[in-house]
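Chains as they are written, first to last, in my numbering: chain A, 131 to 335; chain B, 131 to 335. Scroll down for the structure; my scribbles are underneath it.
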DNA sequence: ATTAACCCGTACACCGGTGTTCAGATTCGC
DNA sequence: GCGAATCTGAACACCGGTGTACGGGTTAAT
């Protein structure tokens with residue numbers, strides 16, 4: 131963790147003092163943690179949640195848009211990182227998919243709410259592309275691999291299948307939030323659903 | 131159409147003048163049509179879209195909350211009405227489901243965006259119950275029927291299956307909006323997906 | 001220890017959205 | 001045609017959120 135931040139600091143640009151870096155991290159963390167609620171993504175709340183004054187927040191992120199952008203990029207980086215750790219390109223695609231579904235839907239959910247906020251403030255096109263490349267792209271690649279090996283169905287547009295997987299991961303998080311699903315169930319349920327929907331031979335009679 | 135409005139007027143309460151009723155209808159229509167965009171649900175925009183002055187809007191709906199509530203109830207009524215016309219309780223459940231998926235996802239989408247707006251302004255509990263009863267309830271009943279006849283799987287919580295169907299209907303609308311799906315495809319795709327996911331025997335090996 | 005970088009509270013201007021008021025024009029119902 | 005109901009534009013107060021400015025206190029780096 132410290133390594134990555136070190137790297138970010140080094141890569142990004144100018145040399146910051148330790149306390150400044152600490153503030154930035156706290157703000158970004160708060161922004162990520164704060165988003166999952168409703169549309170309430172206001173600077174005041176985030177500053178408070180980060181234990182930082184509003185003025186300090188504006189010192190690092192001069193505008194709301196800048197903060198949303200930074201938070202979203204960080205969230206996407208975290209998601210991509212989590213996917214990488216799962217080695218989705220190894221083993222049978224069905225098993226890789228199962229691994230992903232059981233572990234990542236929690237991260238994806240946080241990510242999604244933030245993305246929703248972002249899509250109202252940032253320019254759609256550029257952002258959408260970035261998102262598709264780093265998050266949906268991983269799912270897409272996995273599904274494509276499964277189709278190549280004959281594990282997954284090919285009678286529906288791949289984009290639709292990707293959207294389905296992504297959406298169902300979010301639904302799991304939503305229902306867990308609403309108490310309609312227990313944390314223990316969620317992984318099994320979403321995995322069973324997606325696998326049975328993606329398997330070759332699922333096509334209707 | 132005129133009949134229903136007549137009925138509403140009669141049922142609701144006091145006797146309004148024709149032009150007043152016309153305004154109310156225009157406002158409600160505009161509210162329904164206006165919601166599907168983003169979170170932009172402001173009184174000013176709706177008044178303009180309805181071809182009515184802002185003051186008039188406030189004369190009929192004293193507060194934003196009141197308007198959201200009225201619009202949502204109307205949307206739910208329309209959805210329920212559409213479901214009723216489909217005779218979901220007749221014939222094999224699989225066919226009824228197919229009928230529903232092919233025809234109603236468009237209505238459901240408009241409904242959902244409005245619901246999203248509403249969930250931020252109205253009290254969650256009461257509203258959620260009303261929604262569950264009039265919209266999700268129909269899907270739930272249909273799935274239950276299919277389970278009784280042995281057509282649908284029973285190894286997953288019914289609430290989860292209902293959520294899945296509802297969510298996928300919305301995803302279809304979303305992808306159509308984004309140009310990732312054509313209007314011609316959408317019905318087939320969503321139907322094929324849901325049916326193959328719900329069929330008994332879909333359980334993973 | 002010194003200095004520059006950083007953080008803080010307060011206060012202010014600004015904007016968009018909400019709701020209200022009023023006086024005058026229009027239109028429906030009888 | 002008359003009267004009451006309705007619609008309208010304009011103006012205003014209010015609120016929450018954004019972004020800025022200032023002066024003084026604190027902390028990290030050398």
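Every residue, glycine too, gets a C-beta built ideally from N, C-alpha and C.
Between the alpha carbons of residue 279 of chain B and residue 320 of chain A, how many angstroms are there, rounded?
Rounded to whole angstroms, residue 279 of chain B to residue 320 of chain A spans 24 Å at the Cα level.
From what residue to what residue does the alpha helix (DSSP H) around residue 318 of chain A run?
Element bounds for residue 318 of chain A: 313-328.
Taking residue 184 of chain B as the reference, which of B:297, B:245 and B:156 has the closest Cα?
Considering only alpha carbons, the answer is B:156.
So residue 267 of chain B contacts chain A; which residues on that side make the cut at Cβ distance below 8 Å?
The premise fails here: residue 267 of chain B is roughly 15 Å from chain A at the closest Cβ pair, so nothing lies under 8 Å.
Please classify residue 215 of chain B as buried or exposed, where buried requires at least 16 other C-beta atoms within 10 Å of its C-beta.
Exposed is the call here.
Which stretch, first to last residue, makes up the alpha helix (DSSP H) that contains residue 190 of chain B?
Residue 190 of chain B -> alpha helix (DSSP H) spans 184-190.
Min CB distance residue 256 of chain B to chain A below 9 Å:
Residue 256 of chain B does not count as touching chain A.
Can you check whether the C-beta of residue 319 of chain A is within less than 9 Å of a C-beta belonging to chain B?
The beta-carbon of residue 319 of chain A is placed less than 9 Å from the nearest beta-carbon of chain B.
CB contact check: residue 293 of chain B to chain A, cutoff 9 Å:
Chain A contact via Cβ: present.
So that I know if they touch, is there some Cβ in chain B lying closer than 9 Å to that of residue 323 of chain A?
Interface residue, yes.
Taking 6 Å as the limit between beta carbons, can you name the residues of its chain near residue 224 of chain A, skipping five residues before and five after?
Excluding positions up to five away in sequence, the list reads 281.
Could you tell me which chain A residues have their CB closer than 8 Å to the CB of residue 222 of chain B, listed as they occur along the chain?
Chain order gives no chain A residues near residue 222 of chain B, where near means a beta carbon separation below 8 Å; the closest approach is about 12 Å.
Going along the chain, which residues of the region 233-248 of chain A sit with their C-beta nearer than 9 Å to a C-beta in chain B?
Within the region 233-248 of chain A, no residue has a Cβ that lies closer than 9 Å to any Cβ of chain B.
Should residue 192 of chain A go down as buried or exposed, given a rule of 16 or more other Cβ atoms within 10 Å for buried?
Residue environment analysis places residue 192 of chain A among the exposed positions, since fewer than 16 neighbouring C-beta atoms fall within 10 angstroms of its C-beta.
For residue 231 of chain B, would you say it is in contact with chain A, using Cβ-to-Cβ distances shorter than 9 Å as the test?
Residue contact check for residue 231 of chain B against chain A: no CB pair falls below 9 Å.
As an exercise, report each continuous alpha helix (DSSP H) stretch of at least 4 residues that is fully enclosed by the region 188-244 of chain B, in chain order.
If we require 4 residues or more, the alpha helix (DSSP H) runs fully inside the region 188-244 of chain B come out as 194-215.
Cα-Cα separation, residue 252 of chain A to residue 263 of chain A
Going from the Cα of residue 252 of chain A to the Cα of residue 263 of chain A covers about 17 Å.
Neighbour list for residue 310 of chain A in chain B, Cβ cutoff strictly below 7 Å
Those are 289, listed as they occur along chain B.
Find the residues of chain B that neighbour residue 277 of chain A, judging by a C-beta separation of less than 8 Å, and give them in chain order.
Going along chain B, no residue has its Cβ under 8 Å from residue 277 of chain A, so there is no contact; the nearest lies around 15 Å.
Residue 211 of chain A classed as buried or exposed, judged by whether at least 16 other C-beta atoms fall within 10 angstroms:
Label assigned to residue 211 of chain A: exposed.
Are residue 284 of chain A and residue 297 of chain B close, meaning C-beta to C-beta below 9 Å?
In this structure, residue 284 of chain A sits away from residue 297 of chain B, with a CB-CB distance that is not shorter than 9 Å.
When the cut-off is 9 Å and only beta carbons count, does residue 270 of chain A lie next to chain B?
False, the Cβ-Cβ gap to chain B never drops below 9 Å.
Going by the CB atoms, is the gap between residue 221 of chain B and residue 305 of chain A shorter than 9 Å?
No. Outside cutoff.
Count the other CB atoms, across all protein chains shown, that sit within 10 Å of the CB of residue 145 of chain B; report buried if there are 16 or more and exposed otherwise.
With fewer than 16 other beta carbons inside 10 angstroms of its own, residue 145 of chain B counts as exposed.
Rounded Cβ spacing between residue 179 of chain B and residue 160 of chain B (contact assumed at less than 8 Å)
The beta-carbon separation of residue 179 of chain B and residue 160 of chain B, rounded to 4 Å, stays under the 8 Å limit for a contact.
Mind checking if residue 297 of chain B is an interface residue toward chain A, Cβ cutoff 9 Å exclusive?
Judged by the 9 Å Cβ criterion, residue 297 of chain B is in contact with chain A.
What does residue 202 of chain B touch in chain A if you count any residue whose Cβ is under 7 Å from its own?
For residue 202 of chain B, there are no neighbours in chain A by C-beta distance under 7 Å, as the nearest C-beta there is about 17 Å away.
Indicate whether at least one CB of chain B lies closer than 9 Å to the CB of residue 253 of chain A.
Against chain B, the CB of residue 253 of chain A has no partner CB under 9 Å away; the residue lies outside that interface.
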